[in-house]
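Student: First the structure, which I've put down as structure tokens, then a few questions once you've had a look.
Residue numbers (our numbering), protein chains in the order written: chain Y, 223 to 560; chain G, 68 to 497.
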């Protein structure tokens with residue numbers, strides 16, 4: 223017994239020493255990082271907000287990690303403005319910004335904040351917001367800046383049974399919420415249905431103030447659905463489409479197409495008029511993001527670097543043979559403000 | 068037939084605690100569970116964030132991983148129970164289960180993609196499935212039968228302390244180190260290793276073993292002789308009734324997730340508090356596990372096990388009727404904790420009593436697996452009902468059926484106990 227106690231004591235000492243050493247070095251690394259200014263060239267927000275721009279989440283491992291940044295659309299790899307606003311996901315139009323953020327705690331809390339940008343360079347004003355029941359996943363602001371959509375991911379958090387579902391809301395900024403989209407009338411393949419396992423995520427808005435597109439998943443299939451806020455309905459129009467994003471001219475949907483085993487997503491584009499799909503296999507990484515349009519022929523999305531918490535925003539032309547390139551280093555969640 | 072077997076004196080095994088104190092082995096197993104739960108729950112707390120924010124998996128991919136959690140564990144549980152009985156050595160089987168989960172933590176540190184992460188998580192769940200029944204068999208073997216309920220209560224209370232400390236630890240680390248996910252994983256591995264070490268060093272190899280250690284040749288013969296009817300021996304009429312009753316009640320156990328979601332739906336609290344609800348349930352479970360175990364020892368374990376579903380029915384009622392009132396939310400959360408305190412450990416205690424000692428782990432595993440599978444069915448079925456008639460009506464319907472099922476369950480179990488007297492070693496029948 224005494225030998226066992228000695229062995230146990232030795233294990234305790236080794237484990238404690240090892241874990242403590244790791245934790246201390248992680249703390250030191252963290253402190254070094256959070257006191258380091260970003261390596262990127264910076265400029266003022268006023269400068270950037272004078273013209274078309276791209277907002278994003280800054281992912282450089284420095285003091286501004288997770289903060290919203292902005293670059294000029296004309297010089298995406300040029301100087302960036304960095305704000306103090308922390309967001310997991312960000313989207314923006316000319317005068318409105320949606321920010322989904324995690325407030326860390328013993329149990330984390332999640333919040334959607336709607337911000338208004340009135341004068342270039344002036345601090346963003348909080349105009350509306352709501353608590354979220356789960357982990358931020360996607361957000362979009364309508365082209366007129368009046369509607370905001372958020373998808374969060376509710377995990378059952380239960381003691382014995384775990385579950386999973388998404389919760390997608392559309393709200394009028396400063397107005398009423400349209401509620402959980404799972405309560406909208408759902409028409410799949412022309413038939414009105416009410417499946418139990420429906421999940422809805424990844425909204426993109428058209429510019430008429432009522433039409434939107436979303437992913438509807440049910441029965442192991444994912445559909446592209448066209449939604450109508452006035453009729454409170456969702457109607458599927460294509461199969462095998464996830465996280466749609468409507469092009470600025472409103473003619474095409476960019477999305478991620480799941481591979482065979484459902485774990486590798488390839489960016490693709492669907493022509494709404496003809497139904498023609500173009501899979502952009504020039505991107506070989508799995509793209510798990512809601513794509514943003516840089517212009518009518520170029521897609522933007524975030525991709526994590528190998529073994530790092532740093533990600534970059536990549537640009538990919540919508541022609542079949544195109545190969546992707548890094549557009550904004552150390553960034554994710556791009557939002558183009560034209 | 069099994070009676071002749073169980074009448075064998077339990078020589079060689081750790082002596083049962085007889086003086087009314089909780090056995091050292093039970094406390095040690097509780098500490099092992101505490102350490103292991105700190106390890107697993109600290110990771111569970113950060114896993115959704117880690118997978119989506121750092122590894123970059125979408126909610127859907129995470130859902131797939133989460134699904135893996137559920138099925139894997141039940142399948143291996145019976146096999147592990149059988150292995151523990153067959154070898155008559157629950158300790159090494161349980162130890163292997165704890166070790167698997169520790170290896171899974173190591174795997175998670177180095178995992179980078181969907182495939183490796185799901186492999187690591189599956190291994191963790193297999194480990195959990197492997198260790199549960201042999202461990203519960205050891206608790207039963209090391210306890211005074213008169214205080215079995217309390218023993219399981221002590222074990223589950225320690226286990227739940229770990230489950231509560233884990234997320235707290237993860238929070239402290241992430242508060243100090245903004246993207247300290249790796250640190251959480253390393254610390255978690257440390258606790259898993261300490262759990263395995265505690266088990267290996269302080270829970271004797273032969274804990275829960277029935278037969279004395281004999282010469283290899285002789286042992287071989289003994290195994291051959293007794294193995295042929297092992298599996299059927301576990302399926303005593305009493306255990307079959309228990310399994311049936313528990314499974315039916317489990318079919319009406321829709322899971323905390325749905326109760327919380329129904330509360331969210333009826334507006335009982337702000338959405339921001341959604342993630343905190345399970346902490347309340349955990350705390351109630353933690354506080355009541357031992358008192359409920361004592362109560363079970365005094366008034367009858369079967370009674371507490373079956374009647375323990377009344378607080379569950381009350382929780383459904385609170386969630387269904389309490390529109391927007393804070394106290395109904397609190398009540399529902401706490402009632403769920405009462406339900407777990409009354410039923411989780413008690414199920415293992417009763418199952419262990421209703422089968423001969425030779426097949427105790429198999430018997431416990433059978434009842435636990437039936438409950439786990441029935442709860443999976445319940446969750447799916449309730450999902451259907453929820454969408455068909457809405458949360459309120461669905462909850463009230465399940466609540467009504469559950470209230471009706473409880474006296475029926477009691478009646479069936481009462482007959483079971485008459486048919487099948489509680490199995491205790493000679494001399495301690497009470």
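The C-beta atom is built at its ideal place from N, Cα and C for all residues, glycine as well.
Return the chain-ordered list of same chain residues with a C-beta closer than 6 Å to the C-beta of residue 172/G, the five sequence neighbours on each side being excluded.
Tutor: 255, 256, 259
Student: Assuming contact is defined by CB atoms lying nearer than 9 Å, are residue 188/Y and residue 461/Y in contact in what I supplied?
Tutor: Within the shown structure, residues of chain Y are numbered from 223 to 560, placing residue 188/Y beyond reach of any answer.
Student: Going by the CB atoms, is the gap between residue 530/Y and residue 204/Y shorter than 9 Å?
Tutor: Because chain Y is modelled from 223 through 560, residue 204/Y falls outside the range shown and cannot be assessed.
Student: Measure the CB-CB distance between residue 406/Y and residue 362/Y and report whether it falls below 9 Å.
Tutor: no
Student: Here's the rule: buried if 16 or more other CB atoms are within 10 angstroms of the residue's CB, otherwise exposed. What is residue 247/Y?
Tutor: Residue 247/Y should be labelled exposed.
Student: Please state the DSSP three-state secondary structure of residue 242/Y.
Tutor: helix
Student: Give a yes or no on whether the C-beta atoms belonging to residue 336/Y and residue 319/Y are separated by under 9 Å.
Tutor: yes
Student: Alpha helix (DSSP H) containing residue 395/G: first to last residue?
Tutor: 393-421
Student: Could you check which residue in 332/Y, 287/Y, 431/Y has the C-alpha nearest to that of residue 365/Y?
Tutor: 431/Y
Student: Distance, Cα to Cα, residue 502/Y vs residue 443/G?
Tutor: 39 Å
Student: For residue 284/Y, count neighbouring C-beta atoms within 10 Å of its own C-beta (all shown protein chains included) and say buried if the count is 16 or more, exposed if not.
Tutor: buried
Student: Roughly how many whole angstroms lie between the Cα atoms of residue 440/G and residue 309/G?
Tutor: 15 Å
Student: Specify the secondary structure class of residue 439/Y as computed by DSSP and reduced to three states.
Tutor: strand
Student: What does the alpha-carbon distance come out to for the pair residue 235/Y and residue 415/G?
Tutor: So the two alpha carbons sit approximately 35 Å from each other.
Student: Mind checking which residues open and close the alpha helix (DSSP H) that includes residue 269/G?
Tutor: 248-269
Student: Note down the Cα distance separating residue 371/Y from residue 404/Y, rounded to an integer number of angstroms.
Tutor: Straight-line Cα distance between these residues: approximately 13 Å.
Student: Output the distance between the C-alpha atoms of residue 210/Y and residue 300/G, rounded to the nearest integer angstrom.
Tutor: Nothing about residue 210/Y can be reported from this structure: the residues present for chain Y run from 223 to 560 only.
Student: Which residues in chain Y sit within 9 Å of residue 245/G, going by Cβ to Cβ distance?
Tutor: 252, 255, 256, 287, 288, 326
Student: Short of 7 Å in beta carbon distance, which residues of its chain neighbour residue 384/G, apart from the five on each side in sequence? Order them along the chain.
Tutor: 466
Student: Against chain Y, with Cβ distances strictly below 9 Å, would residue 165/G count as a contact?
Tutor: no
Student: Please decide whether residue 269/G counts as near chain Y, where near means a Cβ-Cβ distance under 9 Å.
Tutor: yes
Student: Starting from the beta carbon of residue 351/Y, find every residue of chain G whose beta carbon is closer than 8 Å, and list them in chain order.
Tutor: Neighbours of residue 351/Y on chain G: none; closest Cβ ~11 Å, over 8 Å.
Student: Quick one: Cα of residue 482/G to Cα of residue 343/G, how far?
Tutor: About 42 Å.
Student: Does the count of Cβ pairs from the region 217-231 of chain G and the region 101-110 of chain G closer than 8 Å reach three?
Tutor: yes
Student: Indicate the three-state DSSP secondary structure (helix, strand or coil) for residue 451/G in the structure shown.
Tutor: If DSSP states are grouped into helix, strand and coil, residue 451/G belongs with the helices.
Student: How would you list, in chain order, the residues of chain Y whose beta-carbon sits under 9 Å from the beta-carbon of residue 264/G?
Tutor: 229, 230, 233, 234, 237
Student: Kindly list, in the order they appear in chain G, the residues whose Cβ is closer than 9 Å to that of residue 267/Y.
Tutor: None at all; the shortest Cβ gap to chain G is about 23 Å.
Student: Nearest by alpha-carbon distance to residue 201/G: which of 144/G, 213/G, 184/G is it?
Tutor: 144/G
Student: Between residue 418/Y and residue 264/G, what straight-line distance do the alpha-carbon atoms span, to the nearest angstrom?
Tutor: Spanning the two alpha carbons is a distance of roughly 46 Å.
Student: State buried or exposed for residue 442/Y, treating a residue as buried only when at least 16 other CB atoms are found within 10 Å of its CB.
Tutor: exposed
Student: Using a Cβ-Cβ distance under 9 Å, would residue 553/Y count as near chain G?
Tutor: no
Student: Give the straight-line distance between the Cα atoms of residue 113/G and residue 105/G, rounded to the nearest whole angstrom.
Tutor: 13 Å
Student: Following the continuous beta strand (DSSP E) through residue 101/G, name the residue where it begins and the one where it ends.
Tutor: First-last for residue 101/G: 91-116, but that is the alpha helix (DSSP H), not the beta strand (DSSP E).
Student: Any beta carbon from chain Y within less than 9 Å of residue 238/G's own beta carbon?
Tutor: yes
Student: Are the C-beta atoms of residue 546/Y and some chain G residue less than 9 Å apart?
Tutor: no
Student: Which residues share a DSSP beta bridge with residue 294/Y?
Tutor: 275/Y
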